[in-house]
Each structure stands twice: as C-alpha cells, then as structure tokens.
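A.B. asks:
Residue numbers (mature numbering (1 follows the signal peptide of the UniProt record, and there is no 0)): -24 to -1, 1 to 455.
1. Spell out the partners DSSP gives residue 88 in its beta bridges.
2. Is it true that the CB of residue 377 sits closer than 9 Å to the CB of residue 354?
3. Could you spell out the range, first to last residue, of the beta strand (DSSP E) harbouring residue 77?
4. Note down the Cα distance separating residue 346 from residue 66, rounded to an integer number of angstroms.
5. Enumerate, from N- to C-terminal direction, the unbroken alpha helix (DSSP H) stretches of 4 or more residues contained entirely within the segment 239 to 323.
6. If contact is defined by three or more beta carbon pairs under 8 Å, each pair taking one atom from either stretch, is the segment 43 to 51 in contact with the segment 432 to 441?
7. Using only alpha-carbon positions, find the residue among 119, 111, 192 and 427 that is nearest to residue 509.
8. If you pair each beta-carbon of the segment 325 to 342 with each one of the segment 22 to 41, do three or more pairs fall below 8 Å?
9. Taking contact to mean 3 or more Cβ pairs, one atom from each stretch, closer than 8 Å, check whether the segment 78 to 93 and the segment 245 to 254 are in contact.
10. Compare the C-alpha of residue 392 against each of 94, 359, 418 and 417 and name the closest.
11. Give every residue of the same chain whose Cβ lies closer than 6 Å to the Cβ of residue 320, excluding the five residues on either side of it in the sequence, and list them in chain order.
12. If you follow the alpha helix (DSSP H) that residue 359 is in, where does it begin and where does it stop?
13. For the alpha helix (DSSP H) containing residue 405, name the first residue and the last one.
14. How would you label residue 239, buried or exposed, when you count the other beta carbons within 10 angstroms and need 16 or more for buried?
15. How should residue 108 be labelled, buried or exposed, when 16 other C-beta atoms within 10 angstroms of its C-beta is the threshold for buried?
16. Does the distance from the CB of residue 38 to the CB of residue 68 come in under 9 Å?
17. Quick check on the burial criterion: 16 or more other C-beta atoms within 10 angstroms. Buried or exposed for residue 410?
18. With respect to the alpha helix (DSSP H) encompassing residue 334, which residues constitute its N-terminal and C-terminal limits?
19. When every heavy atom of the ligand ZN is checked, does at least one fall within less than 8 Å of the C-beta of residue 347?
20. Between residue 329 and residue 285, which are expected to be in contact by the criterion C-beta below 8 Å, what is the C-beta distance as a whole number of angstroms?
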C-alpha cells in the first residue's frame, strides 16, 4: 500500500480552503512531483481507492445488492463493447437525488440514484455510463494533467479537499471546494475539458451502439436536461454543472446519428423494477405510497408491473407488510405470472417483515435455484435462514458462496453474524477482519484479527491463518 501523504504545496492549499491544521492533509496517495510527470495507471488507481474509502465512510454509498449488481451488469456490458483495455472498472451507486454521474481515477464510476430515477429509458442511463467509461478508457485525468501541468494543482488539491471533507463529515464543504477549485482553473482547462467531453460523447455513442443500446438516447437525454435547466434555472441538474452540455455538443451528437438507422430498444425488467425501487426510497414512506397510488390510478406509467412493484416496495419500507404483500401479488399478476429476481427478493423481505421466516427461506431458496448467480437472492436466503434460527444451514450457504465470491465483503459480514449467534467468537472476529480488509479499512481489520486471537480456541489452522493476516496487515502499515 502506498504511503498516504500530500506535498507541502498541496497540504497548504488544503488547509487554506478547509481551515484545518496542516496535519489533517495526510490521506491522499503520493502522486509525486506533478510538474514533471503524468499520473501512471497505478497512481490513478491509488487516488481512486483513497476516494472510495472516504465515500464509503460518508454513508452515501448504496450497498443494496440489486443496485450494485445492476450497475455492474450494465457497466460491464458497455466495457466489453468498448474494448476498454485492461482497466478494472468498479461501478457504484450513491444515495443522492441530484442527477449526476462521475468517473474517478482508476476506473471508479459513480452514479447518483437521482440519475437512475430521472432516466426515462435504460439506454439513457447506459449513455451516461458509456460517456464516463470513455473518460476512463481515454485517461482524461492523466491527459489533463499532462496538458495543464502546474495548473492542475488546483484540481488535484480540490479533489483531496473533497475527500478530507467527506472524512470529517463535511460533504457540502467538500463539494463546494471541489467546484471552486475547478472553477479557478477553468480558463486553463476549458479547451481540454470541451475536447474531452466531445471525445467521451463520440466514443460513448459508439459503445452504446456496439452494446445494443440506442445511441440516440445520449443527445435526447442531454437535450431533456437542458430543457429542465431552462425551466428550473436555479436548480440545474448536477450533471450539467459537472459535464457542461452545450447546444454544439448536442448538435454534434445528433449529427452522428445521420447514418444510423432507428432501432427501438426495449427497457429491461431489471431497469424498470430498480428505477421504481430507488424512486420509492427517494420519496420515502407515505409519500412513496401516495405517489404510486396516484400513478396507478391515473395510468401514468411506462410499465404497470414496475409501478405496482414500486407500490409494494413503498408499503414494505413503511412497514405495512400486509398491503405490501397484496401489492406485490398484483405486480406478479400484471407481469404475466412470470418470476423475476426483484419480485422474489422483495417477496422474501416482506415475509421476513411479517415474521414468517421459514416461508421466506422456502421462497428465496427456490428463487435462488431458478436465478443462479443472483447475489441479492443469496444474501436474502442467508438472512432468512439466520432469522429462522437455521444457523448451520446459513453457515453452509455462506461458506459455499465465499468459495465462489471470496472478495465479497457482505458475505463476510453475514458470516460474522452467523458465527456470533453460534458463540464462535474467534471465527466471528476473523470474519469481521476479512470484511474490513475488503473495504480497505486496514486499521479496524487489524483490530478484529487481534481480538480473534484473544478468544478461546485451539484450532491450529485457524490460529495460523489469523496470525498470518496480522503479519500482512502490520507489514502494510509499516510500508
């Protein structure tokens, strides 16, 4: 792990903007002398990793398994179509009503929940992801650094400030400082920024078409955002502020469609269900119930099944499980009596909410067998088994799942819960340590492994594994 520090100039700038002691600026990767070199792919990855740790600590990251799976499913469909090199991409959601998405160094691409909710079609969401993938694949951050040299100091320092502010629980300040830093350097970067945005549009549209999405969705979505901006001038979508969309860019994008035949691309059920789930979460409890009731009464929906699913989820999050079950049954009926992971996962959650844990186990087990590979259904089955007191079965499923997905932090979190309920304290702390390792939170991971050693037990292999983990983490900390 790289030594985390900033240069003196960067630290002074951070302190001036944040009003914090100089010692506070100690959590960014060492990027070397930016006046003499560009960022290497490894340095980009380290900056992105540091930012991801702070974003997760802020509590804004969405860990919902359906959101994580969907974004990575669409993201990697686009990455494969783009032939985007050897970069390892990570797609994640943020619980934020603003309409925005962003690419960070190292292949980390974040999507605000507000963007998914505002997307009228799946291809619109895909167009934004394709645009961000192009920023990463073309290494725009490194090229910007190469083009502006000393001028990029403000941008990098502002990124650092945003990370530090998030760590201190001052997200608004961090975002404002990031905007200010970018604004102070905008004149020098204007030509680069426009060229990069245009390049990301061009490559993104090619990627959309290659992936089977509608390339016309990109200019259509941008134009709709522009119209929204004119209607609500004081509340422009965040995407327009971070990705300045001009009529020239829209016209350029539309001109690329001249030689492409129109082809309607239907939205997937995955997108339709997930969008309404996130809409319900944004509206919150009774507001969501009222919204979906009115939507269904007025027949103002793109998919009746998705709208009824949204109503079922709204009732579920309001803890009205009887109404949720009834609404979900109607959603199943409208969906043609077919099954879908989102419907089954919500069905299991509703049964658990009703205290019908054994029935939830049966439903989720059957669904997991039907939709092999659904992480949400695997988590749901483990949770239902745990709630039903079927701890050996829950542990067996966790172990089987970890053999397939050893990097899954949330499986380790569930393992710790199951071990704890069985009073297996050494295994519990070891599992929590592995959970923190996968979040790159090495200090609490080390603490958990040390706690594991203090628990009773004489399993030689388990003790050896824990001691090896402690040595690894202590070595990383020294370096």
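A virtual CB, placed ideally from N, CA and C, is assigned to each residue, including glycine.
C.D. replies: Taking the definition as stated:
1. Answer is 70.
2. Contact: yes.
3. It spans 77 to 80 - the beta strand (DSSP E) in which residue 77 sits, taken as one unbroken run.
4. Those two C-alpha atoms are separated by around 27 Å.
5. Those alpha helix (DSSP H) runs which fall completely within the segment 239 to 323 and span 4+ residues are 245 to 259, 261 to 274, 280 to 293 and 297 to 310.
6. No, the segment 432 to 441 does not touch the segment 43 to 51.
7. Since the first and last residues shown for the chain are -24 and 455, residue 509 lies out of range.
8. No, the segment 325 to 342 is not in contact with the segment 22 to 41.
9. Enough Cβ pairs lie closer than 8 Å, so yes.
10. Comparing Cα-Cα distances from residue 392 to each of 94, 359, 418 and 417, the minimum goes to 359.
11. Cβ-Cβ distances below 6 Å link residue 320 to 343 in the same chain, with the five nearest sequence neighbours on each side left out; the list follows chain order.
12. Per DSSP, the continuous alpha helix (DSSP H) segment holding residue 359 begins and ends at 351 to 363.
13. Note, residue 405: alpha helix (DSSP H), 401 to 414.
14. Exposed, since its Cβ has fewer than 16 Cβ neighbours within 10 Å.
15. Flag for residue 108 reads buried.
16. Between residue 38 and residue 68, the C-beta gap is smaller than 9 Å, which places the two residues in contact.
17. It is buried - the Cβ of residue 410 has at least 16 other Cβ atoms within 10 Å.
18. Per DSSP, residue 334 is one residue of the alpha helix (DSSP H) stretching across 333 to 346.
19. The ligand content of the structure shown is nil, which means the ligand ZN is not present either.
20. Rounded to whole angstroms, the Cβ separation of residue 329 and residue 285 is 16 Å, and the two are not in contact under 8 Å.
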